[in-house]
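Here is the structure we will look at, set down as structure tokens.
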Amino acid sequence: MEKRKWSEEPDGVNCRPEWAGGGYAFCEEVLSGVTAAAGQILGQALTGVYLHGSLAMGCFNPDGSDIDLILVINREMTDREKRLFMEEVVKWNCRAPQKGLELSVVKEEFCRNFVYPTPFELHFSPVHLKWWQEDPMGYIRGMKGTDPDLAAHFTILRKYGITLAGAAVEEVFGEVPREAYLDSIRRDVENALEDVCKEPVYIILNLCRVAAFVREERILSKAAGGEWGLSRLPEKYHKIIRDALAAYQWDEAKVFDPILAREFCREVLTLIHSDGERYS
């Protein structure tokens with residue numbers, strides 16, 4: 183498979199012009215820094231470094247998107263390697279966009295022969311920064327386990343992912359079963375009713391893209407999910423979907439009707455858990 187160029191927009195969605203294909207230039211220093219650090223610290227153990235998420239999908243917004251990475255290794259990491267790498271990650275996280283870096287380190291065997299939930303060697307996101315700062319050794323020994331989210335990340339990687347270093351995506355990541363991907367993305371929206379008033383843009387667009395997969399097996403970005411929702415979901419919800427898209431893509435300030443937002447969540451969650459029978 184030929185590597186996709188940054189200027190291509192995989193979902194055909196109108197991303198903000200200065201970031202469609204330009205997000206890489208904005209984040210290049212961070213991506214290069216993390217990739218170089220991984221190579222220096224892990225050496226031959228590093229299979230590859232892979233970009234997924236909004237930056238790979240052509241819908242990056244520096245005010246609302248993070249940088250999503252998966253690092254693949256061919257053996258377990260030592261505590262020393264974890265400490266050295268985390269020091270670099272935290273340094274580069276400070277130079278990242280507002281939402282920072284999110285990354286997982288996964289052994290190659292679990293990428294090629296998928297296991298669900300997927301074991302990981304190390305994980306970082308800004309949510310866990312305080313733990314690392316207060317107890318580095320506890321973090322190193324405790325931040326290891328399994329993560330259902332990796333099923334969604336790997337699926338996105340196989341469709342949109344960009345190889346930053348090492349082996350090509352298709353050489354490393356095996357097929358993720360539909361059931362695992364569906365369970366992963368359903369988990370991501372299971373608290374939508376409780377969260378929609380706090381994070382309306384994320385919840386509304388995420389529900390749309392989960393519904394797009396349930397109904398049509400489409401693997402979409404949040405922006406493309408919103409566009410799908412405008413063409414497939416009831417018209418009474420089109421305004422809040424359009425407002426979510428405007429806020430996500432153009433940083434337009436929007437006020438969401440909490441009653442309508444919760445009604446939208448209930449209806450789309452019903453669709454999601456009925457496996458797409460409604461609106462078919």
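So for the sequence shown, this note's numbering puts the first residue at 183; every next one is plus one. Don't be surprised by glycine CBs; every beta carbon is placed ideally from N, CA and C.
(message) Under 8 Å, with one C-beta from each stretch per pair, do the stretch 357-375 and the stretch 430-439 reach the 3-pair mark?
(response) The stretch 357-375 vs the stretch 430-439: no contact.
Quick check on A435: buried or exposed, where buried means 16 or more other Cβ atoms within 10 Å of its Cβ?
Here the question's residue 435 lines up with position 253 in the sequence shown. Flag for A435 reads exposed.
* Asked: Tell me, which residues are paired with A347 by DSSP?
  -> Within the sequence shown, numbered from 1, the residue matching residue 347 stands at position 165. Answer is V231.
(Q) Need the endpoints of the alpha helix (DSSP H) that S286 sits in, please. (A) To locate residue 286, count along the sequence shown from 1; it is residue 104. Segment L283 to K289 is the beta strand (DSSP E) holding S286; no alpha helix (DSSP H) there.
| Should D466 be labelled buried (16 or more other beta-carbon atoms within 10 Å of its own) or exposed? | The first residue shown for the chain is 183 and the last is 462, placing residue 466 beyond what the model contains.
Requested in this report: Evaluate contact between the stretch 340-355 and the stretch 230-237, counting only Cβ atoms and requiring at least three cross-stretch pairs below 8 Å.
Outcome: Judged by pairs of C-beta atoms under 8 Å, the stretch 340-355 touches the stretch 230-237, as three or more such pairs exist.
Check your understanding: Per the contact definition of three or more C-beta pairs closer than 8 Å, is the stretch 291-300 in contact with the stretch 309-319?
Key -> Output reads no: the stretch 291-300 does not touch the stretch 309-319.
Identify the continuous beta strand (DSSP E) that holds P359 and give its terminal residues. Numbered from its first residue, the sequence shown carries residue 359 at position 177. Secondary structure note for P359: it is in no beta strand (DSSP E), with a DSSP letter that is neither H nor E.
**Asked** Name the DSSP bridge partner or partners of L251?
**Response** Within the sequence shown, numbered from 1, the residue matching residue 251 stands at position 69. Bridge partners of L251: L233 and L285.
query = Would a C-beta distance cut-off of 9 Å place V309 and I249 closer than the cut-off?
reply = Start at 1 with the first residue of the sequence shown, and residue 309 comes out as number 127. Start at 1 with the first residue of the sequence shown, and residue 249 comes out as number 67. No, the pair does not count as a contact, with Cβ atoms beyond the cut-off.
Query raised in the report: For V437, is the classification buried or exposed, using 16 other Cβ atoms within 10 angstroms of its Cβ as the cut-off for buried?
Result: Here residue 437 is taken as the residue at index 255 of the sequence shown, counted from 1. Burial check for V437: the Cβ neighbour count within 10 Å stays below 16, so the residue is exposed.
Can you look up T300 in the DSSP assignment and give me helix, strand or coil? Here residue 300 refers to the residue found at position 118 of the sequence shown. When DSSP states are grouped into helix, strand and coil, T300 belongs to the strand group.
**Prompt:** The beta strand (DSSP E) spanning D329 covers which residue range?
**Reply:** Counting from one through the sequence shown, the residue named residue 329 turns up at place 147. Unbroken beta strand (DSSP E) run through D329: G327 to D329.
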